[in-house]
Every structure is written in structure tokens, then in C-alpha cells.
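Report on one structure; see the data block that follows.
There are 4 protein chains.
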Amino acid sequence: MLIQIFTTGGTFDKVYYDALSDFQIGEPMVPALLQEARVQFEYQLESLTKKDSLELTDADRALIQERVSKSAARHILITHGTDTMTTTAAVLQHIKGKVIVLTGAMQPARMRDSDAAFNLGLAVGALQTLPAGVYIAMSGRIFEANQVQKNRAAGYFEPITE
Amino acid sequence: MLIQIFTTGGTFDKVYYDALSDFQIGEPMVPALLQEARVQFEYQLESLTKKDSLELTDADRALIQERVSKSAARHILITHGTDTMTTTAAVLQHIKGKVIVLTGAMQPARMRDSDAAFNLGLAVGALQTLPAGVYIAMSGRIFEANQVQKNRAAGYFEPITE
Amino acid sequence: MLIQIFTTGGTFDKVYYDALSDFQIGEPMVPALLQEARVQFEYQLESLTKKDSLELTDADRALIQERVSKSAARHILITHGTDTMTTTAAVLQHIKGKVIVLTGAMQPARMRDSDAAFNLGLAVGALQTLPAGVYIAMSGRIFEANQVQKNRAAGYFEPITE
Amino acid sequence: MLIQIFTTGGTFDKVYYDALSDFQIGEPMVPALLQEARVQFEYQLESLTKKDSLELTDADRALIQERVSKSAARHILITHGTDTMTTTAAVLQHIKGKVIVLTGAMQPARMRDSDAAFNLGLAVGALQTLPAGVYIAMSGRIFEANQVQKNRAAGYFEPITE
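Protein chains in written order, with full-length UniProt numbering: chain A, 1 to 162; chain B, 1 to 162; chain C, 1 to 162; chain D, 1 to 162.
Structure representation (C-alpha cells):
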């Protein structure tokens, strides 16, 4: 099984820069986490953007959509900021024959207390067992991407209530 | 979705005791990891044993089998030492109507560099998407429990080669 | 030996707030670090401000000076942002009969890779062995506070070159 | 300032080996910790033994004593198991003109919750400020090495009570 991983930025990859008294998106943490997880599957990783998801543009989403569509892999994992994860998921819905799982983190992977490693495992676990479609793996749950929303105030993902 | 979690010990829960100059199985680390993962599902956790899996007896396995069978939950997650994970999985194969996923860790969850959090996510992700059966979530992969073996020398799980 | 600890904020105590897409100063991390360090001395901790040191005002420094002067303790440890640590140290120079050590961190204590715990130890070690005066403990070294500067570009503290 | 560091093993450097279901002394963690601490002093590190201090022999102590005596450095830091740290310190007492600080850890540096980084800072801080002699930096305190004992039951170092 080959997993194609696309990273787009978000809290997952944030780094603290003392010189700036600020954080910025750093290099993808996925490889380090997969190494700590001692995984035994093959993967390719491509960093598409390094942005907070609130700053993703239509052009960014067009790029994500293009790279996913053109990938030879059936299994696609996308790390993404949580604020507009559902928006990006929506532009991927029309892609056929691929299992696409988006995940992210509420706390940067570089923090001692972070959901990043667990979320990555959550997404990888779902990726291997789900049929083709677009999904979100957050808050310990697997959601069909068009049936979930981020509850910003509460800080977690939940089903869209009718 | 309610997940019933049974912990049996293993590397996952090892603690270093300076007074003993030794590692021993401590309290389950699953609750702490689920809290860091900021999960939003309900679960119940029961600690069945605190043993290295090489030390599990037939009586221990009978207990695990009984508790799993009697659980009202459909979704069962078991943390277990990696050395005899497949042995315990085998005694659970006959249980119908439940999705049972076993996982563990090659490095204790209390270590800075550990696969525990990722593996827990891997198991939780698979648990929500798999049909009834017994599975092992290790080394980044989801295996049918009777089709996998631990490659002790290499330190990972792999399909049983014909 | 009783150590009086005053915290003023800085990178040391930064927390990532997903809702704000930003880092802010959180509760002092010193107690958690001292607990992990399994220390056996008594201390009292008072949080004076929760600011980036670039934002400290004359009023803030007057408060720090007052609290240090009025403390019954001989041993004073101050955690502080690194950018203006020397400025605050300067206003404390006139205080007699106290060993005052300022420290901080280039990476928040809540990060996996942080100098915070080491720096805290560095400061506590120096505090017990130095004569009365004002010192800075950073970059693995103990400096007389009026003989050191922060090399902002390089990201470390060094002696002021003549 | 050049610090000569000698590592002898102990809990500080313990690693968990799944294949052995056991821990063993691994490669010294001091370099990794000094890098995370972003220190700006020069040091040389030599691994003399990789043993639990209960297993150190007279020959081991003779080696430690020889290497310390022959070092050109004035500042010597020794990482050591905590159980017989005072015994090794005793054989170094006759060495003149050097500041020798021994430290160790109650929890391996590779654990998430460890005193190792703080203790290393504690020792480095004291090393720069103390006069020639032999000292132990543990439990947040700096002790003259012949005036301290490890309280095994309580798990910390304390002054020898008269």
C-alpha cells in the first residue's frame, strides 16, 4: 500500500520563532511522526503550501485538487489547518476512485501535549479501511467530509446537526 | 459510538522505577493519550492485567475473552504487549458481532519517542470503519489478526508469508 | 533554602491557542518543571506579569523591583522574556543582600524541544552558589547581568564585547 | 570556558529495548540535551562506562579518577547513576584545582517526564560558580559531595544528618 501525503500547513506544522516573537508554519512534521510511529508502509510526501487554512486561496485549493487528481495513488492523506478543512474537502468530492482523508491538529506536533501523532494514526487507520470518498479524521472520529463541521468555540469537530 | 477499552499491560504502559532499576507495567496510559488527542467519543476503560504479554496465561486469556464477549459494546479496543498479541487475538476470533482491534507499542507511551499515541489513533480509526472481526493495528497497518505475525528480529508486524 | 520565584511571562510560558491562531503567555510552567525535576527545596512563586518582555513598561519594572526588594528571601529567581532581560536586570542592580538570577527560554517550555527545563536548572544551580548580585543564566552560561547582551540575530546571550 | 564531560551510564542514559523486554544503558543523552538547551560553551564528552552505578567496580572508579585527573580542563561534569554517586565522588576528593560536579537522573532522559535536562542545567550552573572541589547536583540542590546521601526509599538526595 502506497500512501500519497500532501501537506498544506496549519497548526499541525507550526513552529515558534523567538526572533519574531511569533509562530510560523515550519517544515512538515509528518515524516518525524511516521518515524516515531515505526510505520511499515511506503509513502510519498509533497508539501503543497505552508499556510494557516484561513489564508488558503482558491488558487491554493485548485492546486490541492489538481495534485490529488493526478496522483497515481489510491490512498491520499492531507494534513491541513482545521479552520477550513471542510472547505478544501468539498472541492475534492468529485474525485473518483480514491480514498481521501484530511486531518490536522489543534496543537502543533512540536508541542509536548499535542493531538498530532494520534490524529495522524487516526487518519492512516481509516485510510486503509474506508471505501473511496472524502473523509475527515479529527477529534477521535472519522467523518464523511460533507457531514462534519468544526465547532470553533468548543475546539472540536462534530456532525453537522440537522 | 461507545468504545470499550481493555488494557492488558505490555510495553505500552511500562514505567521506569528508579528504586528497582527496572521498568514495570504502570497504570494505563490510554486515558492520558486520549485526553491529549482531544477525542470526542465516549469510552469505558477496564484494566484486565498489567503483564508483559509473554507472561499472559491461559487464565488471563480466558478473562480477556470473557470480558470482551460480555461487553455490551460493539467496538472493542485492546492494548496488549506485542509479543503474543496474535495469540490473544486468536482466542477472540469466535466472538460475533463485534469489531475488535488490538494494538500496542514498541516503545512505552511515557517515552519522548514512542509509537503509542499514533498506534492508539491507528486502532481508533480502524475501529470505526471495519466490519465485525478481529484485527491488529501495528506498524502503521491494519491487519486481519490471523494473517499477521510479529517479526521479532526486525521489530515490526508483517503479513504472514505463505 | 527558600527560593522566591517571580514570573513575568516571555517565551518561557507561551501557549498555543488554536482559537486565536496564536501563541499567548499562559500560566507559569515553572511549577510543572520543578515537579518533573523532583526538586527538594522550598519555594514560593508569584506571577507578576504575563507579557512578552518587549511589552514591559516602566510600571511593570517598578513592580518587579518592588516585589524583589520587599521579599524576605535572599534567593530570587525571575523568569523573563529574553529580549529585555538585561533592562530589567539593570533596575535591580541596587538591591543589596540578595542573589538575583534571571532566566528565560528561546523555545516555550510546552514545546517538545525546549531549553526551558535546562535553563531553570542552570539558574537554580547558580542561585545556590553565587554571592549577592544580579545575574543572567542563559545559553548555558552564568553572566553578571550588566556584562551580557542578547545577540538577537544569532539567538543567544554573549558577553558584551568591549 | 571548556567543560569536560565524562558519562558513566546510570538511569540518565537508559533506553528501552523491546526485543529484550528490558532497558539498557544507551548512548549518552547529554549531547542531545545540550543541543536542546542551545548552550554556547565548548565541551568535550567522553563515555567512560555504560553501567548502572550499582555495577561499577573499583577498576571503573580507578578509570574515572584517572581520566578526571589527567584532563586539562578545570571544569569537569560527570553523569552517573544515582545509587553510588557519592562513592565515586569520594575517590575524586583528592584531585586539586578542579571543579568537579556529578549529576544523574531519577528518570531516563528519554522519558517525557524526566529530571535529566534540569539536572544537567543545575550541574552546569554550579560548575561555573563553585570553587575547586567535588560536588553533587541532584534534587534541585548543590551539595558538597561528602555531605550528601541518597535517600533510597524517598528517592531524593539530602544532607547527611549528624
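All C-beta atoms, glycine included, are put in the ideal place defined by N, C-alpha and C.
A residue is called buried when at least 16 other Cβ atoms come within 10 angstroms of its Cβ; Asp13 of chain B meets this threshold and is buried.
At a cut-off of 8 Å between beta carbons, Phe12 of chain B makes no contact with chain A. Beta-bridge annotation (DSSP): Ala137 of chain A is paired with A:Ile142.
Taking 8 Å as the threshold, the shortest C-beta distance from Ala73 of chain C to chain D does not fall below it. Annotated three-state conformation of Phe41 of chain A is coil, per DSSP. As the crow flies, the alpha-carbon of Ile5 of chain B is around 11 Å from that of Leu127 of chain B.
In the DSSP annotation of this structure, Pro159 of chain D is not part of any alpha helix (DSSP H); the continuous beta strand (DSSP E) holding it starts and ends at Tyr156 to Pro159.
Going by beta carbons, Met111 of chain D and Gly155 of chain D fall outside the 8 Å limit.
In the three-state reduction of the DSSP assignment, Gly104 of chain D falls in the coil class, being assigned neither a helical nor a strand state. Nearest CB-CB separation between Glu158 of chain D and chain C: below the 8 Å threshold.
Residue pairing for Phe23 of chain B: DSSP places it in a beta bridge opposite B:Tyr16. Taking a beta-carbon distance threshold of 8 Å, Phe41 of chain A counts as an interface residue toward chain B. Contact note: Arg112 of chain C reaches chain A through Ala109, Arg110, Met111, Arg112 and Ser114, using a C-beta cutoff of 9 Å and chain order. Three or more beta-carbon pairs separated by less than 8 Å link the stretch 73-89 of chain D to the stretch 140-156 of chain D, which places the two stretches in contact. The beta-carbon of Asp18 of chain A is placed less than 8 Å from the nearest beta-carbon of chain C. Judged by DSSP secondary structure, Gln35 of chain B falls within the alpha helix (DSSP H) whose first and last residues are Val30 to Glu36. In this structure, Ala137 of chain C sits away from Met29 of chain C, with a CB-CB distance that is not shorter than 8 Å. DSSP links Thr57 of chain A through a beta bridge to no other residue.
In the DSSP assignment, Gly9 of chain B falls within the unbroken beta strand (DSSP E) covering Leu2 to Gly9.
In terms of Cβ geometry, Met1 of chain A and His94 of chain A do not form a close pair [threshold 8 Å]. Residue pairing for Thr79 of chain B: DSSP places it in a beta bridge opposite B:Thr7 and B:Thr103. Residues Thr88 and Val91 of the same chain have their beta carbon placed closer than 7 Å to that of Arg61 of chain D, with the five preceding and five following residues left out of the count. Straight-line measurement puts the Cα of Asp18 of chain C at about 44 Å from the Cα of Pro131 of chain C.
Inclusion of Thr7 of chain B and Thr79 of chain B in the CB contact set at 8 Å is warranted, their separation being smaller than that value.
Using a CB distance cut-off of 8 Å, Asp52 of chain B counts as an interface residue toward chain D.
Ser21 of chain A has a beta carbon lying within less than 8 Å of a beta carbon in chain C. Residues of chain B whose Cβ lies closer than 8 Å to the Cβ of Arg152 of chain D are, in chain order, Ala19. Exclusion of the five residues before and after Tyr16 of chain A leaves Phe23 as the residues of its chain whose Cβ lies within less than 7 Å of its Cβ. Residue pairing by DSSP puts Ser47 of chain B in a beta bridge opposite B:Thr7.
With fewer than 16 neighbouring CB atoms inside 10 Å of its own CB, Glu42 of chain B falls in the exposed class.
A Cβ of chain A is located within less than 8 Å of the beta carbon of Val124 of chain B. Close to Met106 of chain B, with beta-carbon spacing below 8 Å, are these residues of chain D in chain order: Asp18. Taking a beta-carbon distance threshold of 8 Å, Gly155 of chain C counts as an interface residue toward chain A. Per DSSP, the continuous alpha helix (DSSP H) segment holding Val91 of chain C begins and ends at Met85 to Leu92.
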